[in-house]
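Using the numbering used here, the letters of the sequence shown map in sequence onto residues 3 to 310. Note sheet for the following structure.
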Amino acid sequence: MTRVMAIVIATYQRPDGLGRLLDSIVKTAKPAGWHLTVIVVDNDEENSAAPTLTAFESSLDLVSIVEPTQGIPFARNAGTQAALGANAERIVFIDDDERVESDWLLELTLAHEQFGAPITMGCVLTEFEETPPAWAEESGAFQRRIFANGTALDFAITANVMVDSEILRGNERPFDESLRYSGGSDLQLFAELRASGNKIVYASKAVAHELFPASKVNVTWLTRRQYRRGLNRSTTLRQLDASAARVAKRVVAGCVSIGRGASRYFAGKVLGRPLLHLDGRLQVAYGWGMLAGLAGVKYQEYRTVHGS
């Protein structure tokens, strides 16, 4: 009997990126014994993704959904509901600013079965839309962390992840819709699932490439991202375990990040070492984000669309 696997893509006014991703999914090898359904949730009430989807109707089993309520978690929840409604045994989440390699789905499936975890997160490599300034590559600041194959993780995100649908049943709107513009609803969901005993492992050979448009390749955007990461991390803590001990520990961690970052920031400035200066700036931003998240601050990063 053929099993169903659903790939869920949330998109918003990014037709070129969506087309690039769908084209790479067409070309990626499919695991034997699985029927693949691709669910695209357009978070634009005008359904601007429609022309792009039309071009792939003959090459993919496409399900198109329009989610008019603005915000990433609304789109992710609509896609999750559709996947569960299609009786998908596994759900794969991937972002519309990525493309996948030719063996991506095979490797993700292999790792999922080999390590036996209900959540398997693949590798995401950085790719620049235009030739970046030297510091952007030399600093490594745009590259997500890479782990050894099979590493147990304490987090996951929807950038490249496979999930057993059974752990989502009974909660068909699992992404926190109060985080509609701030981001972090995926981080929070997977933290909750892990806290419930669901293991997360890393699949180093299941590779997706994240495309950075020129509008993101600057120190200001990078600083905002680090601030948001720190904020989202603490927001998740507040939702899961706001005990006095955990909050105190996070306050200390935030202050340490700020102090260490400040020393590197000024040392880099004095010594004429721009990468050290940048690293310090990012550590300070991350620390302030951790403290802001504990205070309940919201940051609406996703009101702005980068790339096409």
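Even for Gly, the Cβ is constructed at its ideal location relative to N, Cα and C.
Sequence-distant residues of the same chain with beta carbon closer than 6 Å to residue i, five excluded per side
{"i": "R22", "result": "R101"}
{"i": "G256", "result": "G289, M292 and L293"}
{"i": "D97", "result": "A161"}
{"i": "L224", "result": "A143"}
{"i": "S26", "result": "R101 and V102"}
{"i": "R266", "result": "L278, D281 and G282"}
Among the options, nearest to residue i - alpha-carbon criterion
{"i": "N2", "options": "M292, N79, L127 and Q190", "result": "Outside the shown range of the chain, which is 3 to 310, sits residue 2, and nothing can be said about it."}
{"i": "A154", "options": "D178, A161 and A119", "result": "A119"}
{"i": "L296", "options": "R146, G142, V254 and E194", "result": "V254"}
{"i": "G186", "options": "G289, G73, I202 and L278", "result": "G73"}
{"i": "G19", "options": "K32, E115, V68 and D99", "result": "D99"}
{"i": "L277", "options": "A150, E179 and P135", "result": "P135"}
{"i": "L213", "options": "I27, K300, E132 and R275", "result": "E132"}
{"i": "R171", "options": "I260, R252 and I93", "result": "I93"}
{"i": "K300", "options": "V203, I27 and L181", "result": "L181"}
{"i": "V221", "options": "K251, L284 and L273", "result": "L284"}
{"i": "T122", "options": "P75, F268 and F95", "result": "F95"}
{"i": "H114", "options": "G81, I159 and V163", "result": "V163"}
{"i": "S2", "options": "A138, Y183 and R240", "result": "Because residue 2 is not part of the residues shown, which for the chain are 3 to 310, the question remains open."}
{"i": "T71", "options": "A12, V28 and L224", "result": "A12"}
{"i": "E168", "options": "R147, L86 and I159", "result": "L86"}
{"i": "L112", "options": "K32, A269 and H279", "result": "K32"}
{"i": "N200", "options": "R262, Y267, V165 and D178", "result": "V165"}
{"i": "S236", "options": "K271, S184, G270 and G261", "result": "S184"}
{"i": "A84", "options": "A8, A51, D25 and G152", "result": "A8"}
Backbone secondary structure at residue i - three-state DSSP
{"i": "N162", "result": "strand"}
{"i": "F214", "result": "strand"}
{"i": "L239", "result": "helix"}
{"i": "I148", "result": "coil"}
{"i": "G124", "result": "strand"}
{"i": "F76", "result": "helix"}
{"i": "K207", "result": "strand"}
{"i": "A12", "result": "strand"}
{"i": "A136", "result": "helix"}
{"i": "A2", "result": "Nothing can be reported for residue 2: it is not among the residues displayed for the chain, which extend from 3 to 310."}
{"i": "E48", "result": "coil"}
{"i": "R5", "result": "strand"}
{"i": "F130", "result": "strand"}
Cutoff 7 Å; reference residue i; Cβ partners in own chain excluding five residues on either side
{"i": "A264", "result": "G282 and V286"}
{"i": "E109", "result": "A205, K207 and A208"}
{"i": "L64", "result": "V40, V42, L55 and F58"}
{"i": "V6", "result": "H37, T39, A88, N89, A90 and E91"}
{"i": "L242", "result": "A193, E194 and A197"}
{"i": "G35", "result": "T4 and R5"}
Start and end residues, alpha helix (DSSP H) containing residue i
{"i": "D44", "result": "D44 -> not in any alpha helix (DSSP H); beta strand (DSSP E) instead, spanning W36 to D44."}
{"i": "G289", "result": "P276 to L296"}
{"i": "V65", "result": "No alpha helix (DSSP H) holds V65; the beta strand (DSSP E) holding it covers L64 to V68."}
{"i": "V253", "result": "A246 to L273"}
{"i": "R196", "result": "S187 to A197"}
{"i": "R22", "result": "P17 to K29"}
{"i": "T54", "result": "A52 to T56"}
{"i": "E109", "result": "W106 to F117"}
Inter-residue CB distance, residue i and residue j (contact presumed, cutoff 8 Å)
{"i": "G291", "j": "R231", "result": "6 Å"}
{"i": "Y14", "j": "N45", "result": "4 Å"}
{"i": "F157", "j": "L189", "result": "6 Å"}
{"i": "S61", "j": "V28", "result": "5 Å"}
{"i": "P75", "j": "F149", "result": "Wrong, their Cβ atoms sit about 26 Å apart, outside the cutoff."}
Own chain partners of residue i with C-beta closer than 8 Å, once the 5 adjacent residues on each side are dropped
{"i": "Q145", "result": "L127 and T128"}
{"i": "T30", "result": "V102, E103, S104, D105, W106, L107 and L108"}
{"i": "G211", "result": "It is worth fixing the name first, because residue 211 is His in this sequence and not Gly. Excluding residues within five positions, the ones whose Cβ falls inside 8 Å are E100, R101, V102, E103, V126, L127, T128 and E129."}
{"i": "L239", "result": "R248, V249, R252, G295 and L296"}
{"i": "S259", "result": "G232, Q285, V286, Y288, G289 and M292"}
{"i": "G270", "result": "P276, L277, L278, H279, L280, D281 and G282"}
Residue interval of the beta strand (DSSP E) (run including residue i)
{"i": "E100", "result": "E100 to V102"}
{"i": "F95", "result": "R92 to I96"}
Minimum Cβ-Cβ distance from residue i to chain C less than 8 Å
{"i": "S265", "result": "The question asks about chain C, but that chain is absent: this structure has only one protein chain."}
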